[in-house]
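If you want this note's numbering, it's the 1-based position in the sequence shown plus 14. Just so it is clear, CB atoms sit at the ideal spot from N, CA and C, and this is done for glycine as well. Notes follow once the structure below has been shown.
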Amino acid sequence: MENSIAKPSSNRLSKRNLWTFSIGCIGRDMICTGLFNGQLLNYVYFTKQLTASQLGVLTVLMTLAKVFDAFNDPIMGNIIDATHTKWGKFKPWIFIGMLGTSAVVAASFSNTLQGWSYVVFFGIMYFIYSIVFTMNDIAYWGMIPSLAKNPDDRNRLSSLTALCANIGAGVCGIFVPILTTGSLALNGSAVYAYMIISIIFVSLFLILQSVTLVGVKEEPELRASSGNRVSLKQIVDVFKNNDQLRWISLVFLATRLVPGATLTMFIYFEFGYNGTLLTLFYVFSGLATVIINIFYPMLNKKLTRQQLLRLGLISQIVGNVLLFLIFFLVPNDTFSFVIPIFNARVTLKFILMAIAYFFCGFASTSYYMVLVVCIANTTEYNELLTGERNEGVIFATRAFLVKLGNAITTLFVMLFYIIIGIRDTTDKIAELEQAANLGAISSEAKLSQITQIISQVPTSKTVGLLLVITLTPIVFFTIGYTIFKKKFRISEEYYNEITAELEERRK
15 MENSIAKPSS
25 NRLSKRNLWT
35 FSIGCIGRDM
45 ICTGLFNGQL
55 LNYVYFTKQL
65 TASQLGVLTV
75 LMTLAKVFDA
85 FNDPIMGNII
95 DATHTKWGKF
105 KPWIFIGMLG
115 TSAVVAASFS
125 NTLQGWSYVV
135 FFGIMYFIYS
145 IVFTMNDIAY
155 WGMIPSLAKN
165 PDDRNRLSSL
175 TALCANIGAG
185 VCGIFVPILT
195 TGSLALNGSA
205 VYAYMIISII
215 FVSLFLILQS
225 VTLVGVKEEP
235 ELRASSGNRV
245 SLKQIVDVFK
255 NNDQLRWISL
265 VFLATRLVPG
275 ATLTMFIYFE
285 FGYNGTLLTL
295 FYVFSGLATV
305 IINIFYPMLN
315 KKLTRQQLLR
325 LGLISQIVGN
335 VLLFLIFFLV
345 PNDTFSFVIP
355 IFNARVTLKF
365 ILMAIAYFFC
375 GFASTSYYMV
385 LVVCIANTTE
395 YNELLTGERN
405 EGVIFATRAF
415 LVKLGNAITT
425 LFVMLFYIII
435 GIRDTTDKIA
445 ELEQAANLGA
455 ISSEAKLSQI
465 TQIISQVPTS
475 KTVGLLLVIT
485 LTPIVFFTIG
495 YTIFKKKFRI
505 SEEYYNEITA
515 ELEERRK
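Next comes the structure, spelled out in structure tokens:
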């Protein structure tokens with residue numbers, strides 16, 4: 015195993031840097047992964063009334079912005095690397111991106127625009143977001159190689175940062191559905207609730223990112239530019255020469271093509287318009303995520319990466335097959351009870367499906383943790399082949415693939431929603447949410463009418479959503495594991511051989 019023979023470095027990761035860097039990720043993923051990327055589609059569908067053509071244009075704008083965002087990463091990397099300030103090259107861009115992202119997110123969830131006015135506003139905000147968050151994102155993650163040079167330190171920093179990221183996204187996944195949908199919605203309206211939540215989350219983002227800005231201490235020599243500017247030709251050359259980076263990138267991208275946004279519609283259509291139900295699903299998935307993040311260093315020593323991926327694939331298949339079987343075999347009205355504090359009616363069918371979703375969360379997190387390390391390890395492989403590490407290209411690969419995967423899945427989800435006619439239902443719900451926000455109807459009347467609207471949704475639409483939720487991850491995770499098993503050769507043993515040879519070369 016690579017961890018067992020790694021030589022200690024004189025430049026080890028300090029506890030101060032470990033914690034102050036990682037804590038900053040809580041706020042970032044709270045408003046990025048959780049709120050903006052995770053909840054914006056729900057905000058659009060449940061608070062805006064859009065025609066099919068308007069929704070189509072919005073879909074195109076969102077996809078183009080995400081693709082632009084993905085290809086913008088190397089440009090931002092060059093700008094950051096050429097930065098010379100007394101605060102270093104990373105912190106100024108983390109700060110600028112933090113302020114810009116905060117303004118865009120707050121504005122995106124705090125407007126009452128409808129129709130074409132909203133579509134234009136949405137397009138502008140989305141493209142600005144792709145620029146300002148990239149400033150923060152590339153600068154933030156770009157600090158990891160300089161803060162943690164030792165393999166053990168890099169694993170510790172990556173694990174804790176990923177845990178903090180999942181905490182941030184988890185806080186959003188738990189509280190946003192409860193406070194925006196159902197009887198506990200703030201002020202009885204999703205329109206008002208999203209506005210207040212965005213302001214609170216943005217404030218937390220600013221505070222927690224400030225912990226990183228003030229707390230992380232960089233070495234003086236790491237403040238200067240490395241001189242390793244990244245060009246388009248260099249990116250092409252790295253991918254052309256580094257076959258292992260190409261294969262692991264395909265594996266990583268395959269695991270990102272999972273349209274998780276469809277889960278929200280499925281839960282509301284099948285079990286009722288109550289955010290507590292969606293939160294309970296996320297709790298089971300989040301529990302699996304926390305377990306993996308805590309025990310990953312230990313699992314990494316007990317199991318090979320291929321064994322961890324195989325375990326993740328089995329978990330993904332088991333979880334989704336169970337979801338599918340429970341949906342068809344367990345009656346809706348079997349053993350139901352009400353959770354008083356949330357005023358949510360829960361059935362045996364719902365509980366079993368939520369438990370099954372735990373296995374899906376376990377799979378997604380285990381794959382992510384393994385593949386991030388594998389991408390990082392292609393740096394030494396690249397140095398072995400070419401004599402150059404090309405860290406700028408390789409460490410930007412993760413962000414690029416995440417954004418490209420998001421672009422593809424967003425396009426798929428939006429087109430799928432248009433094809434099966436989700437808008438017919440959500441437009442009626444959005445109209446009631448707007449009326450409740452203006453005080454035209456009471457929260458109770460709104461929920462009663464929404465219940466009637468959902469009861470008229472054809473079963474075929476719900477089954478269609480379930481098929482997307484269950485079949486897509488099984489297919490793409492299987493493809494990813496097959497590519498990894500057959501094409502990715504940087505095992506733990508081979509990685510140790512690479513690092514040993516590189517050490518000899520340097521001597």
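Which residue or residues does DSSP assign as beta-bridge partners of residue i?
{"i": "A358", "result": "I353"}
Determine whether the beta carbon atoms of residue i and residue j lie at a separation below 7 Å.
{"i": "R412", "j": "I389", "result": "yes"}
{"i": "Q258", "j": "Y395", "result": "yes"}
{"i": "T47", "j": "I188", "result": "no"}
{"i": "T226", "j": "G38", "result": "yes"}
{"i": "K103", "j": "T97", "result": "yes"}
{"i": "V524", "j": "A275", "result": "Here the chain has residues from 15 to 521 only, and residue 524 is not among them."}
{"i": "V146", "j": "G111", "result": "yes"}
{"i": "G10", "j": "S380", "result": "Residue 10 is absent from the structure shown; the chain starts at 15 and stops at 521."}
{"i": "G182", "j": "I40", "result": "yes"}
{"i": "I108", "j": "A179", "result": "no"}
{"i": "L267", "j": "L415", "result": "yes"}
{"i": "A368", "j": "F295", "result": "yes"}
{"i": "S203", "j": "A450", "result": "yes"}
{"i": "C186", "j": "L291", "result": "no"}
{"i": "K80", "j": "A421", "result": "yes"}
{"i": "N288", "j": "A358", "result": "yes"}
{"i": "I488", "j": "I331", "result": "yes"}
{"i": "V471", "j": "T513", "result": "no"}
{"i": "F341", "j": "L479", "result": "no"}
{"i": "M76", "j": "Y140", "result": "yes"}
{"i": "Q68", "j": "V133", "result": "yes"}
{"i": "Q53", "j": "Q128", "result": "no"}
{"i": "N201", "j": "T400", "result": "no"}
{"i": "T423", "j": "L271", "result": "yes"}
{"i": "V205", "j": "E447", "result": "yes"}
{"i": "F373", "j": "S329", "result": "yes"}
{"i": "I467", "j": "N391", "result": "no"}
With a cut-off of 8 Å on the beta carbons, I'd call residue i and residue j a contact; round off their distance for me.
{"i": "E506", "j": "R324", "result": "With a Cβ gap of about 15 Å, E506 and R324 do not count as contacting."}
{"i": "R168", "j": "L32", "result": "In fact, because the Cβ distance is near 11 Å, the residues do not count as touching under 8 Å."}
{"i": "L177", "j": "I308", "result": "7 Å"}
{"i": "L174", "j": "S36", "result": "4 Å"}
{"i": "Y310", "j": "M383", "result": "5 Å"}
{"i": "S116", "j": "F219", "result": "6 Å"}
{"i": "P191", "j": "V482", "result": "Not quite, the Cβ-Cβ distance comes to about 20 Å (not below 8 Å), so this is no contact."}
{"i": "T148", "j": "F490", "result": "The Cβ separation is near 25 Å, so there is no contact."}
{"i": "G229", "j": "S299", "result": "Incorrect: roughly 30 Å between the Cβ atoms, too far for contact."}
{"i": "G184", "j": "T465", "result": "G184 to T465, Cβ: 28 Å. No contact."}
{"i": "S457", "j": "S197", "result": "7 Å"}
{"i": "L516", "j": "E397", "result": "6 Å"}
{"i": "L385", "j": "I262", "result": "7 Å"}
{"i": "N164", "j": "R260", "result": "So it is not a contact: roughly 27 Å between Cβ atoms."}
{"i": "A66", "j": "I432", "result": "6 Å"}
{"i": "K231", "j": "R42", "result": "Wrong, their Cβ atoms sit about 20 Å apart, outside the cutoff."}
{"i": "I94", "j": "G156", "result": "6 Å"}
Heavy atom of the ligand MG less than 6 Å from the Cβ of residue i, yes or no?
{"i": "V228", "result": "Annotation note on the ligand MG: not contained in the displayed structure, which lists no ligands."}
Checklist entry - Would you call the segment 341-350 and the segment 362-369 in contact, with 3 or more CB pairs under 8 Å? => result yes
Checklist entry - Using 8 Å as the threshold, is the segment 206-214 in touch with the segment 69-77, meaning 3 or more CB pairs across them? => result no
Item to check | Meets three-Cβ-pair contact criterion under 8 Å: the segment 118-127 and the segment 83-92 | outcome: no
Next on the checklist: Check whether the segment 401-408 and the segment 323-338 touch, using three or more Cβ-Cβ pairs below 8 Å as the test.
Outcome noted: no
Item to check | Segments of 4+ residues assigned as alpha helix (DSSP H) that fall wholly inside the segment 448-485 | outcome: 457-469
Checklist entry - For the 8 Å Cβ check, are there 3 or more pairs between the segment 486-504 and the segment 297-315? => result no
Next on the checklist: Give the list of continuous alpha helix (DSSP H) stretches no shorter than 4 residues that lie fully inside the segment 86-119.
Outcome noted: none
Checklist entry - Can we say the segment 55-62 touches the segment 439-447, given the rule of at least three CB pairs closer than 8 Å? => result yes
Item to check | Every unbroken alpha helix (DSSP H) inside the segment 116-202 [4 residues or more] | outcome: 129-156, 158-161 and 165-194
Checklist entry - Residue ranges of each alpha helix (DSSP H) run of no fewer than 4 residues wholly in the segment 280-347, ordered along the chain? => result 289-316 and 319-343
Next on the checklist: Restricting to runs no shorter than 4 residues, where is the alpha helix (DSSP H) found entirely within the segment 19-63?
Outcome noted: 29-43 and 51-61
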